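Peer 1: If you're matching positions, the sequence shown starts at 1 in this note's numbering and goes up one per residue. The structure's right below; bear with me while I get my questions together.
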Amino acid sequence: MASSKLRSSCSFPNLVLSCLNFTLFILSAASLAPIILLKMPPTSFGLAFFIVSCISLLSSFVGFYSQLTHFCFITHVSLLLASLIGQLLSILALFTKEKSSLSMLKSPRDPKEAKVLVRLECGILMAMLLIQLMVLVLSCVIFSCWLKDYEEIEAEKEMLAKKRSRRIARVQEESMANAVKIQEIKDKELDEKMKSKPEIFIFPHDGFGNHRKFHTISASWTMNMDSKSSRTTKKEELSIQNPGTSIPQMESLRSSDLRFDRLQPSDQELLQENKFEFGRFVAREPVLDEEYWTAAWLRAESHWEDRTNERYVDSHKRKFAEQEFNAIKRRCRGQHGEKYMCFVAVKKEARNVKRTVLKSVVGTLDLSVRYLLHGETFPGERIKAPFFSCINKTDPHRYGYVANLCVAKSARRQGIACNMLHFALESAKSNDVQQVYVHVFKNNRPAQQLYQKMGFKMVEIASSQLQEQTDLLCIKI
């Protein structure tokens with residue numbers, strides 16, 4: 001609200017400033033005419049007047065762009081001051097010493113005509129002097145308004161970041177408490193099941209009364225079919241489970257021992273070679289569980305960003321973040337021959353500034369290295385193949401897949417997504433990947449433009465096999 005009020009309050013002065021700059025531009029161009037009419041080429045004295053008019057012309061032109069950047073404003077003010085000094089000296093020379101000025105100009109024209117041209121030049125310079133004084137004062141006033149506006153926007157961003165970190169901390173605390181309760185319930189159920197399970201006793205041949213007991217071990221064969229975005233992937237998993245072990249998701253969440261006030265690790269503590277620095281940020285792989293959790297929370301916020309009016313949004317975000325956190329940790333361990341990498345963008349370490357991990361992580365992205373099935377030419381292609389298709393683990397069939405690219409609201413429009421995507425492509429290239437794919441929703445125009453800017457192109461043959469709302473993009477590296 002404060003920013004919009006400041007903009008509306010500065011809109012009229014900004015319009016007046018533009019009109020004054022336009023008037024000054026016309027007068028500066030007109031002030032060149034008397035000098036040219038007096039004598040061409042001009043004498044050194046006439047050349048001084050010519051330079052003063054050119055500086056005024058340049059300052060009026062720069063004045064149209066003085067509010068764009070701080071550099072433009074400084075340049076405009078410098079040119080205005082130089083022009084004011086030159087105009088003041090020119091007016092003093094022409095007004096107080098008119099005859100000597102005429103003799104120094106050495107005009108071949110009639111003396112009366114030369115006198116008229118000199119007085120005309122003096123009048124134009126006086127008008128320009130007054131207008132430039134008004135432009136200088138008005139430019140400083142408008143710039144101070146925009147400076148206050150910028151400071152308020154930065155304060156709002158900082159406030160949003162603090163609210164976000166507090167919200168994440170509250171959600172994480174609730175999640176940890178719920179996870180502990182659920183784990184206790186599961187442990188109790190497991191103890192009851194263990195008591196009711198039969199035990200197999202094996203007696204040794206030496207006749208001693210000691211015996212060893214073994215719990216029954218159950219083997220299960222599971223097959224999961226994933227049809228997301230009309231892509232059918234076949235996963236086969238043979239697992240031997242001991243009833244005494246706890247649920248993997250709860251175990252990973254409990255053993256992580258998340259501390260929401262943990263500070264961002266310093267550069268000396270990280271010692272990571274695979275990282276990419278850009279501006280005030282660094283893209284790298286997470287090193288702390290808190291960074292994995294913040295990445296999961298960013299994805300939850302991005303997933304529910306356009307549905308803030310729905311009921312129980314915070315509960316849905318919390319559940320989504322818990323599932324995504326455990327999924328990231330599970331995928332990072334590797335499965336089915338795939339290599340999975342999670343990247344985060346964090347703020348660079350600043351001198352005398354201590355940040356928590358929650359405030360440092362501003363972006364996240366996933367990159368996985370996969371293999372095409374036999375007969376596939378692109379990921380998810382519908383092919384007539386045996387039900388148990390095997391993976392073709394050869395270099396030409398290796399490809400990269402990018403997913404879950406999202407940036408915190410408070411850190412957008414700073415090139416984070418573009419640089420993280422560049423880092424992911426370089427990482428894929430270092431893993432001998434020649435093609436990288438990504439699925440994008442058709443109605444997500446910013447994402448479409450970002451990937452096209454990076455060189456991604458639509459896979460036309462895949463458009464007929466995908467769902468209507470998604471496109472498959474590919475880039476060759």
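We put the CB at the ideal spot given by N, CA and C, even for glycine. Since the structure is predicted, the reported quantities are computational estimates derived from the model, not experimental observations.
Here's the rule: buried if 16 or more other CB atoms are within 10 angstroms of the residue's CB, otherwise exposed. What is residue 456?
Peer 2: The sequence position of residue 456 within the sequence shown is 456, counting from 1. By the 10 Å Cβ count, residue 456 comes out buried.
Peer 1: Going by the beta-carbon positions, is the gap between residue 76 and residue 59 smaller than 8 Å?
Peer 2: Within the sequence shown, residue 76 is the residue found at index 76, counting from 1. Within the sequence shown, residue 59 is the residue found at index 59, counting from 1. In this structure, residue 59 lies closer than 8 Å to residue 76 by Cβ.
Peer 1: Whole angstroms is fine: what's the gap from residue 141's alpha carbon to residue 30's?
Peer 2: Looking up residue 141 in the sequence shown gives position 141. Looking up residue 30 in the sequence shown gives position 30. Cα to Cα, residue 141 sits roughly 28 Å from residue 30.
Peer 1: What does the Cβ neighbour count give for residue 470, buried or exposed, with the cut at 16 atoms within 10 Å?
Peer 2: Against the sequence shown, residue 470 aligns to sequence position 470. Looking at its Cβ environment, which holds 16 or more other Cβ atoms inside 10 Å, residue 470 is buried.
Peer 1: Can you say whether residue 22 is buried or exposed, counting buried as having 16 or more other CB atoms within 10 angstroms of its CB?
Peer 2: In the sequence shown, the residue the question calls residue 22 occupies position 22. Answer is exposed; the Cβ neighbour count stays below 16.
Peer 1: Report yes if the CB atom of residue 103 is closer than 8 Å to the CB atom of residue 93, and no otherwise.
Peer 2: Here the question's residue 103 lines up with position 103 in the sequence shown. Here the question's residue 93 lines up with position 93 in the sequence shown. Cβ atoms of residue 103 and residue 93: not closer than 8 Å.
Peer 1: For the pair the stretch 339-354 and the stretch 283-291, tell me if three or more CB-CB distances fall below 8 Å.
Peer 2: Touching, yes, given that three or more Cβ pairs across the two stretches are closer than 8 Å.
Peer 1: Under 8 Å, do residue 79 and residue 62 count as touching if we go by C-beta distance?
Peer 2: Residue 79 sits at position 79 when you count from the first residue of the sequence shown. Residue 62 sits at position 62 when you count from the first residue of the sequence shown. Cβ atoms of residue 79 and residue 62: closer than 8 Å.
Peer 1: When the Cβ atoms of the stretch 43-58 are set against those of the stretch 110-120, are three or more pairs found closer than 8 Å?
Peer 2: Judged by Cβ distances under 8 Å, the stretch 43-58 makes no contact with the stretch 110-120, as fewer than three pairs qualify.
Peer 1: Which term fits residue 226, buried or exposed, when burial requires 16 or more other beta carbons within 10 angstroms of its beta carbon?
Peer 2: One-based indexing of the sequence shown puts residue 226 at position 226. Only weak support exists for where residue 226 lies, its pLDDT of 39 falling under 50; the coordinates are left without a value.
Peer 1: Which ranges would you report for the alpha helix (DSSP H) in the stretch 340-387 if only whole runs of at least 4 residues count?
Peer 2: Within the stretch 340-387, the complete alpha helix (DSSP H) runs of at least 4 residues are 357-360.
Peer 1: Can at least three beta-carbon pairs, one atom from the stretch 365-372 and one from the stretch 261-280, be found at a separation below 8 Å?
Peer 2: As far as the Cβ criterion goes, the stretch 365-372 does not touch the stretch 261-280, which means the pair count is below three.
Peer 1: For the beta strand (DSSP E) that contains residue 471, what are its first and last residues?
Peer 2: Your numbering for residue 471 matches position 471 in the sequence shown. Residues 470-476.
Peer 1: For residue 439, list the residues DSSP reports as bridge partners.
Peer 2: The residue you call residue 439 lines up with position 439 of the sequence shown. According to DSSP, which records beta bridges pairwise, residue 439 is partnered with 472.
Peer 1: With distances taken between CB atoms, is the gap from residue 450 to residue 404 smaller than 8 Å?
Peer 2: Here residue 450 corresponds to residue number 450 of the sequence shown, with the count starting at 1. Here residue 404 corresponds to residue number 404 of the sequence shown, with the count starting at 1. Cβ distance not < 8 Å, so residue 450 and residue 404 don't count as in contact.
Peer 1: Beta-carbon separation of residue 268 and residue 360 under 8 Å?
Peer 2: Position 268 of the sequence shown, counted from the first residue, corresponds to residue 268. Position 360 of the sequence shown, counted from the first residue, corresponds to residue 360. No. Outside cutoff.
Peer 1: Go ahead and pull the three-state DSSP assignment for residue 312.
Peer 2: One-based indexing of the sequence shown puts residue 312 at position 312. Note: residue 312 maps to coil in three-state DSSP.
Peer 1: From this set, 136, 113 and 89, which residue's C-alpha is nearest residue 74's C-alpha?
Peer 2: Mapped onto the sequence shown, residue 74 falls at position 74. Checked all of 136, 113 and 89; the closest Cα to residue 74 is 136.
Peer 1: Would you give the residue range spanned by the alpha helix (DSSP H) that residue 291 belongs to?
Peer 2: The count along the sequence shown starts at 1 and reaches residue 291 at position 291. Residue 291 -> alpha helix (DSSP H) spans 289-303.
Peer 1: Quick check: the stretch 424-436 against the stretch 166-174, are at least 3 beta-carbon pairs closer than 8 Å?
Peer 2: Segments in contact, no.
Peer 1: Since residue 105 and residue 32 are thought to touch, with beta carbons under 8 Å apart, how far apart are those beta carbons, to the nearest angstrom?
Peer 2: Against the sequence shown, residue 105 aligns to sequence position 105. Against the sequence shown, residue 32 aligns to sequence position 32. Their Cβ separation, rounded to whole angstroms, is 14 Å, which puts residue 105 and residue 32 out of contact at 8 Å.
Peer 1: Out of curiosity, what's the CA-to-CA distance linking residue 438 and residue 399?
Peer 2: The sequence position of residue 438 within the sequence shown is 438, counting from 1. The sequence position of residue 399 within the sequence shown is 399, counting from 1. Straight-line Cα distance between these residues: approximately 11 Å.
Peer 1: Under a three-way DSSP split, which group does residue 285 fall into?
Peer 2: To locate residue 285, count along the sequence shown from 1; it is residue 285. Residue 285: coil per DSSP, three-state reduction.
Peer 1: Got a sec, what are the start and stop residues for the alpha helix (DSSP H) residue 64 sits in?
Peer 2: Taking the sequence shown and counting its residues from 1, one reaches residue 64 at position 64. No alpha helix (DSSP H) holds residue 64; DSSP gives it neither H nor E.
Peer 1: Tell me whether residue 168 is buried or exposed, calling it buried when 16 or more other Cβ atoms sit within 10 Å of its Cβ.
Peer 2: Here residue 168 refers to the residue found at position 168 when the sequence shown is read from its first residue. With 16 or more Cβ atoms within 10 Å of its Cβ, residue 168 is classed as buried.
Peer 1: Taking residue 447 as the reference, which of 413, 432, 435 and 148 has the closest Cα?
Peer 2: Taking the sequence shown and counting its residues from 1, the one referred to as residue 447 is at position 447. Nearest of 413, 432, 435 and 148 to residue 447, Cα basis: 413.
Peer 1: By DSSP's criteria, residue 407 is part of a beta bridge. Which residues make up the other side?
Peer 2: What you label residue 407 is simply residue 407 of the sequence shown in a count that begins at 1. Bridge partners of residue 407: 363.
Peer 1: Is the separation between the beta-carbon of residue 85 and that of residue 125 shorter than 8 Å?
Peer 2: Start at 1 with the first residue of the sequence shown, and residue 85 comes out as number 85. Start at 1 with the first residue of the sequence shown, and residue 125 comes out as number 125. Against a cut-off of 8 Å, the Cβ pair of residue 125 and residue 85 comes out as no contact.
Peer 1: Buried or exposed: where does residue 299 fall if 16 or more other Cβ atoms within 10 Å of its Cβ makes it buried?
Peer 2: Here residue 299 refers to the residue found at position 299 of the sequence shown. Residue 299 should be labelled buried.
Peer 1: When the Cα atoms are used, what is the spatial distance from residue 325 to residue 303?
Peer 2: Here residue 325 refers to the residue found at position 325 of the sequence shown. Here residue 303 refers to the residue found at position 303 of the sequence shown. Those two C-alpha atoms are separated by around 14 Å.
Peer 1: With 16 as the cutoff for other CB atoms within 10 Å, does residue 377 come out buried or exposed?
Peer 2: Within the sequence shown, residue 377 is the residue found at index 377, counting from 1. Residue 377 comes out exposed.
Peer 1: Quick one: give me the first and last residue of the beta strand (DSSP E) that residue 275 is part of.
Peer 2: Counting from 1 along the sequence shown, the entry for residue 275 is found at position 275. From DSSP, the beta strand (DSSP E) with residue 275 extends over 275-278.
Peer 1: Residue 113: which of 83, 56, 35 and 95 sits nearest, CA to CA?
Peer 2: Within the sequence shown, residue 113 is the residue found at index 113, counting from 1. Checking every option, the nearest Cα to that of residue 113 belongs to 35.
Peer 1: From which residue to which residue does the alpha helix (DSSP H) around residue 419 run?
Peer 2: Mapped onto the sequence shown, residue 419 falls at position 419. Here the alpha helix (DSSP H) through residue 419 covers 416-430.
Peer 1: List the endpoints of the continuous alpha helix (DSSP H) containing residue 98.
Peer 2: Taking the first residue of the sequence shown as position 1, residue 98 is located at position 98. Segment 98-105, the alpha helix (DSSP H) holding residue 98.
Peer 1: Apart from the five residues on each side of it in sequence, which residues of its chain come closer than 8 Å, Cβ to Cβ, to residue 132?
Peer 2: Start at 1 with the first residue of the sequence shown, and residue 132 comes out as number 132. Result list for residue 132: 24, 56, 59, 80, 83, 84 and 87, in chain order.
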